[in-house]
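Chemist: Residue numbers (my numbering), protein chains in the order written: chain A, 1 to 265; chain B, 266 to 555.
Beta carbons are placed, not taken as given, at the ideal position from N, Cα and C, and that holds for glycine.
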Amino acid sequence: MSALLTLDNLTVTYDRHPAVHHVSGFFRAGSLTAIAGPNGAGKSTLMKAIMGELRPAEGRLQHRLTRSDFGYLPQAADINRRFPISVLDTVLLGAWRHTGAFKANGARESRRADEALAAVGLGGFERRPIGSLSAGQFQRVLFARLLLQDAKVILLDEPFTAIDARTTEDLLGIVARWHGEGRTVIAVLHDLEQVRTHFPETLLLARECIAWGPTAEVMSADKLLKARMMAERWDDGAGVCEPQAGSTLPGASRSPKPSISGPAA
Amino acid sequence: MSAYDLLIAPFADYGFMRRALVACLCLALGSGPIGVFLMLRRMSLMGDAMSHAVLPGAAIGYLVAGSLSLTAMGIGGLIAGLSVALLSGVVSRSTVLQEDASFASFYLASLALGVLIVSLRGSNIDLLHVLFGTILAIDGPALALIGGITSVTLLTLAIVYRPLVAECFDPGFLRAVGGRGPVYHALFLLLVVLNMVASFQALGTLMAVGLMMLPAAIAQLWARSLTAMMALAAAAAAVSGYVGLIASYHLELASGPTIIMTAAVIYGFSILFSPSGFARRLFPRPHLAG
Chain A
1 MSALLTLDNL TVTYDRHPAV HHVSGFFRAG SLTAIAGPNG AGKSTLMKAI MGELRPAEGR
61 LQHRLTRSDF GYLPQAADIN RRFPISVLDT VLLGAWRHTG AFKANGARES RRADEALAAV
121 GLGGFERRPI GSLSAGQFQR VLFARLLLQD AKVILLDEPF TAIDARTTED LLGIVARWHG
181 EGRTVIAVLH DLEQVRTHFP ETLLLARECI AWGPTAEVMS ADKLLKARMM AERWDDGAGV
241 CEPQAGSTLP GASRSPKPSI SGPAA
Chain B
266 MSAYDLLIAP FADYGFMRRA LVACLCLALG SGPIGVFLML RRMSLMGDAM SHAVLPGAAI
326 GYLVAGSLSL TAMGIGGLIA GLSVALLSGV VSRSTVLQED ASFASFYLAS LALGVLIVSL
386 RGSNIDLLHV LFGTILAIDG PALALIGGIT SVTLLTLAIV YRPLVAECFD PGFLRAVGGR
446 GPVYHALFLL LVVLNMVASF QALGTLMAVG LMMLPAAIAQ LWARSLTAMM ALAAAAAAVS
506 GYVGLIASYH LELASGPTII MTAAVIYGFS ILFSPSGFAR RLFPRPHLAG
């Protein structure tokens, strides 16, 4: 299988402080990858960069996808949970690619919305206002909307944080279904056990790429330790760009070593 | 006094009362739904700020036209309101100031400038009219302007309904699907300013948002769905307009404030007796039937 999404020496900064530092590698089409790493490792930043919400300070992101090929579930989404909208209408927003801003939802969209709600275990909730849902139920609604989006690449940013075990299990089932359908799924995860059990590939991030490849190899004790050390060390001198930072790693593509320069000079 | 004398005669007898009533009903239809969206976007106070921002433009229009010409003041107000909205948007995007902070700064400057301009030339009576409106002095052309603004508002809302809802509810999603959220946000702000200009003529700059925010708050206390909320807001605004005009006629009160007070009374009633109100909290219905 081929590279669907290539990171070429990608560096993203906030106020010149690197949050993602010289990361190179690629996501294969149809791969199921977890992005793991300590707090402040740049996991969410990388997701935002892939979605085009943050512009790289250096390096590039290469793909031949359009915006509607992506489905994105941000962490702590900026959603107004008290908005008077029903579960069904929320899920139907996922049909945006077909309906756009103005076209009406047809019978096809309604049928698919019903199927999506059934798939996430919320059949019969169509008319309920979203304000009456629990956090877990609401996350199910957002997954149903993603189902409707029918995206080639699905980005999930900590989708199971503060979600009950039962819901997590069901939603992991949906992730597995996407993987089975040949979609590319990239998820930021906290729970290392979840990563080991459900995700064949892992990108271990601590501002720079510690390791990227098959989960069993990446999640070794020494690499995890290194990730934690890197994250702590970098908090002090995060403004400085270190020469060895751009070296490529197992699983990463062999891109030429980046030139050494300060971030966003 | 018969019911006819009480409820209908004022409008049958006097043209200015009829025009005021039609103006109120138009304002209610447009401002009600707009107010609901403003409130759901947590921009209630920003709407208030915006109404003050309209003042200097209206004042300049007043100076240029030389009299209380509603059209000239309306155009001036539209330009001033939009400039403040856009400028504060730019400031909040390019500095550390949040949008509400930059809005507050701009509207204060705007209000001060407006009062200065009016006091430069006009009398205190003029200033009072600018600040509190002259709903009983609305003439044919002004009525046409208000009706036109209402029609444009309802039509635009109907067309951009889905993206507007998406932008209010989940702006991140709209961004992710490439839905051009800022365009709809700007369009919505334009509608807000347009409705401000319309109600500015009737209720003055200090209470122009009265028929926008109070009915919206009332609607949110009673309704659960967005469509019901918008319908209810429009209805509450219309009732306030009618009852306010009747009351101001019989009790010889100033019309604008009476209309807003009527809305405020309905609001107070709703706070007490709506499903989420105080009464239900003090006397909860038993969990078990019977």
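Exposed or buried, Ile273/B, counting other C-beta atoms within 10 Å across all chains shown (16 or more means buried)?
Modeler: So Ile273/B counts as exposed.
Chemist: Tell me, to the nearest whole angstrom, how far the beta carbon of Val20/A is from that of Leu46/A; I am working on the premise that it is less than 8 Å.
Modeler: Right, the Cβ-Cβ distance comes to about 5 Å (below 8 Å), so this counts as a contact.
Chemist: Output yes or no for whether 8 Å exceeds the beta carbon distance between Gly71/A and Ile154/A.
Modeler: Yes, Cβ-Cβ distance for Gly71/A and Ile154/A is below 8 Å.
Chemist: Can Ala482/B be considered in contact with the ligand NAD, in the sense that its beta carbon sits closer than 7 Å to one or more heavy atoms?
Modeler: No copy of the ligand NAD occurs in the structure displayed, which carries no ligand at all.
Chemist: Are Met478/B and Phe397/B closer than 8 Å when you measure CB to CB?
Modeler: Result no, Cβ atoms of Met478/B and Phe397/B do not sit closer than 8 Å.
Chemist: Any beta carbon of chain B sitting closer than 8 Å to that of Ile79/A?
Modeler: Yes, its Cβ sits closer than 8 Å to a Cβ of chain B.
Chemist: Please report the distance separating the alpha-carbon of Leu513/B from that of Ala519/B.
Modeler: Residue 513/B is actually Ser in this sequence, not Leu. Taking the straight line joining both Cα atoms gives about 6 Å.
Chemist: Should the stretch 290–304 of chain B be called in touch with the stretch 453–460 of chain B, which here means at least 3 C-beta pairs below 8 Å?
Modeler: Yes, the stretch 290–304 of chain B is in contact with the stretch 453–460 of chain B.
Chemist: Assign Glu208/A to one of three DSSP states: helix, strand, or coil.
Modeler: In the structure shown, Glu208/A sits in a strand (DSSP, three-state: E or B).
Chemist: Excluding the 5 residues preceding and the 5 following Asp270/B in the sequence, name in chain order all residues of the same chain whose CB lies nearer than 7 Å to its CB.
Modeler: Same-chain partners within the cutoff: there are none.
Chemist: If I follow the unbroken beta strand (DSSP E) through Ala3/A, where does it start and stop?
Modeler: Ala3 to Tyr14 is the span of the beta strand (DSSP E), which, as asked, contains Ala3/A.
Chemist: Extract the residue ranges of the alpha helix (DSSP H) inside the stretch 419–460 of chain B, only unbroken runs of 4 or more that lie entirely within it.
Modeler: The stretch 419–460 of chain B contains these whole alpha helix (DSSP H) runs: 426–434 and 436–441.
Chemist: For Asp78/A, tell me which candidate among Leu352/B, Val395/B, Val380/B and Glu432/B has the shortest Cα-Cα distance.
Modeler: For Asp78/A, the nearest C-alpha among the options comes from Glu432/B.
Chemist: For a contact defined as C-beta to C-beta under 9 Å, what are the partners of Gly444/B on chain E?
Modeler: Absence of chain E from the displayed structure is noted, the protein chains being A and B.
Chemist: Between the stretch 2–21 of chain A and the stretch 154–173 of chain A, do three or more beta carbon pairs fall short of 8 Å?
Modeler: Cβ pair count under 8 Å is below three, so no.
Chemist: I'd like to confirm the pairing. Which residues does DSSP put opposite Asp157/A in its beta bridges?
Modeler: DSSP output for Asp157/A lists Val188/A as bridge partner(s).
Chemist: In chain B, which residues lie less than 7 Å from Met47/A when you measure between Cβ atoms?
Modeler: Going along chain B, no residue has its Cβ under 7 Å from Met47/A, so there is no contact; the nearest lies around 11 Å.
Chemist: Within the 8 Å Cβ cut-off, does Gly312/B reach chain A?
Modeler: No, because no Cβ of chain A sits closer than 8 Å to the Cβ of Gly312/B.
Chemist: Please name the residue or residues paired with Val20/A in a DSSP beta bridge.
Modeler: Looking at the DSSP assignment, Val20/A forms a beta bridge with Val12/A.
Chemist: Rounded to the nearest angstrom, how far is the Cβ of Ala293/B from that of Leu476/B, given a contact under 8 Å?
Modeler: About 6 Å; that satisfies the 8 Å criterion.
Chemist: Specify, as a first and last residue, the run of the beta strand (DSSP E) that Arg140/A falls within.
Modeler: Element bounds for Arg140/A: not the beta strand (DSSP E) but the alpha helix (DSSP H), Ala135 to Gln149.
Chemist: Can you check whether the C-beta of Ile35/A is within less than 8 Å of a C-beta belonging to chain B?
Modeler: No, no contact with chain B.
Chemist: Exposed or buried, what is Glu517/B when buried is set at 16 or more other beta-carbons lying within 10 Å of its beta-carbon?
Modeler: Exposed, because fewer than 16 other Cβ atoms sit within 10 Å of the Cβ of Glu517/B.
Chemist: Of all the residues that make up the stretch 359–373 of chain B, which are near chain A by a beta-carbon distance shorter than 7 Å?
Modeler: So the list is empty, because no residue satisfies the distance condition.
Chemist: Name the residues in the stretch 6–37 of chain A whose C-beta lies less than 8 Å from a C-beta of chain B; which are they?
Modeler: So the list is empty, because no residue satisfies the distance condition.
Chemist: Can you have a look at His394/B and say buried or exposed, based on whether 16 or more other CB atoms are within 10 angstroms of its CB?
Modeler: So His394/B ends up on the buried side.
Chemist: Select from Ala36/A, Arg60/A and Gly121/A the residue whose C-alpha is nearest the C-alpha of Pro214/A.
Modeler: If we check each option's Cα against that of Pro214/A, Ala36/A comes out closest.
Chemist: Can you tell me the Cα-Cα spacing of Thr418/B and Ala484/B, whole angstroms?
Modeler: Answer to the nearest angstrom: the Cα atoms are 19 Å apart.
Chemist: For the beta strand (DSSP E) holding Ile35/A, just list the boundary residues, first then last.
Modeler: Residues Leu32 to Ala36.
Chemist: May I have the straight-line CA-CA distance separating Ser44/A from Phe368/B, to the nearest angstrom?
Modeler: Each residue's alpha carbon lies about 31 Å from the other.
Chemist: Beta carbon of Met266/A, beta carbon of Val195/A: below 8 Å?
Modeler: Only positions 1 to 265 of chain A appear in this structure, which leaves residue 266/A out of reach.
Chemist: How about Arg427/B: is its C-beta nearer than 8 Å to some C-beta of chain A?
Modeler: Yes, Arg427/B lies at the interface with chain A (some Cβ there is under 8 Å from its Cβ).
Chemist: Could you tell me which chain B residues have their CB closer than 7 Å to the CB of Pro129/A, listed as they occur along the chain?
Modeler: Going along chain B in sequence order, the residues near Pro129/A (Cβ under 7 Å) are Arg489.
Chemist: Locate the beta strand (DSSP E) running through Gln62/A, then write down its first and last residues.
Modeler: Gln62/A -> beta strand (DSSP E) spans Glu58 to Gln62.
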